[in-house]
Structure formats: C-alpha cells, structure tokens
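In the UniProt record's numbering, the protein residues as written are 1 to 281. Virtual Cβ for every residue (Gly too), placed ideally from N, Cα, C. Predicted, not measured: the structure shown is a model, and the values here were computed from it.
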C-alpha cells in the first residue's frame with residue numbers, strides 16, 4: 001500500500017487530477033450499475049443470447065475487435081469484456097485471443113505501410129513514446145514484451161510499434177502472442193457480469209458479487225505492478241542508451257524520427273533522462 005501512495009505522490013499534478021476524475025467516474029458508474037442492475041441485465045441478456053446463437057456471431061465480435069485495434073477507433077477493451085459476457089469463462093478467451101492477435105497484426109501493417117504518416121501524427125501526442133523507443137533500442141525483445149504485457153492502451157501500442165522501423169513484425173507478433181493470456185482476467189470479469197442475468201438465490205448472487213470485486217481488484221493491482229516493473233526497466237534501458245550516445249558523441253546527431261514517431265519531445269527527453277541517471281543507478 002505504501003508503494004501505491006508513493007507512486008501517487010510522484011505523479012505529475014495533471015495525471016493526479018486525471019486519475020482522481022477517472023476514479024470518481026468509475027465509482028459513480030458502479031453505484032448506478034448496482035442501482036439499475038436488473039433493467040440493465042435484462043436489456044443486455046437477449047442481445048448476448050442472439051449473438052451467441054448466431055452461426056457466425058463470433059465474427060461480428062471479432063470484426064469489431066480487429067477494427068478497434070487501430071487508433072483512434074474506440075471499443076477494443078469493451079469487446080474483450082463482452083467476449084466473457086457472451087461466451088463465458090474460459091470459452092470467451094479463444095475468440096478474444098485470436099481476434100486481438102489478428103487485430104494487432106493488422107494494425108501493425110496498416111501503421112507500418114499504408115498509414116505511416118497518420119500513425120506518426122497520432123503518436124506525437126504521446127510524449128513517453130520517445131523514452132520507449134530508446135529503451136527498445138537498448139533492451140530489444142524484453143522491452144517489447146514488457147510493453148505488450150503492461151496496461152498500455154492496446155491500439156496505441158500497436159500504432160507505436162508500427163512506426164518504429166527497428167521492430168520487426170515477427171518480434172512484435174511473438175511478444176503480442178505471449179502477452180495476450182492477460183486477457184483471461186478480462187474474460188473472467190465479463191463472465192461474472194453475465195451471471196447477473198441469471199436467476200439465483202441471495203447467497204449465489206453475493207458470491208458472484210464477491211468474485212467480481214476480487215477479479216476487479218486483482219486486475220487493478222496486476223496492472224499497477226506490471227506497469228511499475230515495465231516503467232523501471234524502460235527508464236533504465238533508455239538512460240543506458242542515452243549515456244552510450246553521450247559517450248560516443250552521437251547524441252547531438254540523434255534523429256528520433258528514425259526510431260520513433262516524433263521529434264517534438266526529443267530535447268526534453270534527453271535532459272530529463274540524463275538528469276535522472278543518478279536516481280536509477
């Protein structure tokens with residue numbers, strides 16, 4: 001718990017406000033859900049049944065997952081939960097895994113070839129991408145895998161890797177394939193919501209609520225832990241790479257456009273990371 005408090009204190013003010021606002025929204029939506037649970041579930045249950053009974057209903061879900069794997073198209077996270085809601089646990093994992101992997105591959109090729117310029121403009125808004133690119137230069141596949149395993153937004157990381165020429169498709173594909181078992185917990189939570197549509201006694205309903213809450217808490221702490229580990233590893237690799245460039249005299253000639261999608265934060269990144277090398281060491 002102390003690590004979480006320390007992590008919150010170290011966050012920039014803007015991120016603190018964003019986190020607090022997001023938390024308030026989640027709490028309000030959770031309260032509203034429990035107030036209107038029965039009408040919501042009654043409305044969703046027939047739709048889920050209809051899609052599940054369709055011969056190729058999974059292709060509808062899969063098509064949306066693939067399309068939403070390309071930023072800024074929304075819906076990816078919701079569709080993963082819906083796989084659990086419609087097909088249950090663990091059966092919902094198969095379509096979620098297959099179509100998420102296909103969507104990531106499709107997004108990578110689109111951002112690498114067809115829409116490279118557009119993808120670079122999108123990722124310019126994400127200042128941390130410069131640090132990630134330098135870390136990949138130093139750490140290779142390990143960093144790619146950690147980024148894919150972390151709670152980094154899936155569509156945006158697809159676009160990010162697509163804009164880095166030094167990341168091959170097969171490294172990206174393997175890292176994605178190895179990281180996607182993390183979807184199991186999303187499928188489990190979705191299946192718990194599905195159970196709320198069924199008739200059950202008070203004890204069974206209470207157990208379902210408890211398992212839903214435990215799954216959500218585990219998802220939060222797992223995401224937080226992996227993010228912290230990923231961030232520490234990325235910082236160390238990025239600083240090491242910058243110091244190597246500084247020692248070789250190539251830092252002044254660094255062109256981040258060759259390894260990442262934007263140059264607008266380059267000077268700020270170099271100064272910040274070199275200044276923090278003592279902390280990381």
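- By the beta-carbon neighbour count (other beta carbons within 10 angstroms, threshold 16), residue 221 is exposed.
- The stretch 193-200 makes no contact with the stretch 160-168; the number of CB pairs closer than 8 Å stays below 3.
- Excluding sequence positions up to five before and after residue 216, its CB lies within less than 7 Å of the CB of 189, all in the same chain and listed in chain order.
- Secondary structure of residue 212 (DSSP, three-state): helix.
- Look at residue 54 here: in three-state DSSP terms it is coil, with no helix or strand label.
- Secondary structure of residue 199 (DSSP, three-state): coil.
- Segment contact: the stretch 77-87 against the stretch 175-190, three or more CB-CB distances shorter than 8 Å; contact assigned.
- Taking a contact as a CB-CB distance under 8 Å, the pair residue 171 and residue 141 counts as one, their CB atoms being some 6 Å apart.
- Bounds of the alpha helix (DSSP H) holding residue 142 are 141-149.
- For residue 229, the closest C-alpha among the options 213, 152, 207, 203 is that of 152.
- Between residue 51 and residue 57, the gap from beta carbon to beta carbon is short of 8 Å.
- The Cβ-Cβ distance between residue 155 and residue 76 falls below 8 Å.
- Distance from the CA of residue 103 to the CA of residue 69, rounded to the nearest whole angstrom, comes to 5 Å.
- Around the beta carbon of residue 159, a 10 Å sphere encloses 16 or more other beta carbons of the protein chains shown; the residue is thus reported as buried.
- Annotation: the continuous alpha helix (DSSP H) that includes residue 176 extends over 169-179.
- In this structure residue 43 does not touch residue 86 by the C-beta definition: roughly 14 Å separates them, more than the 8 Å allowed.
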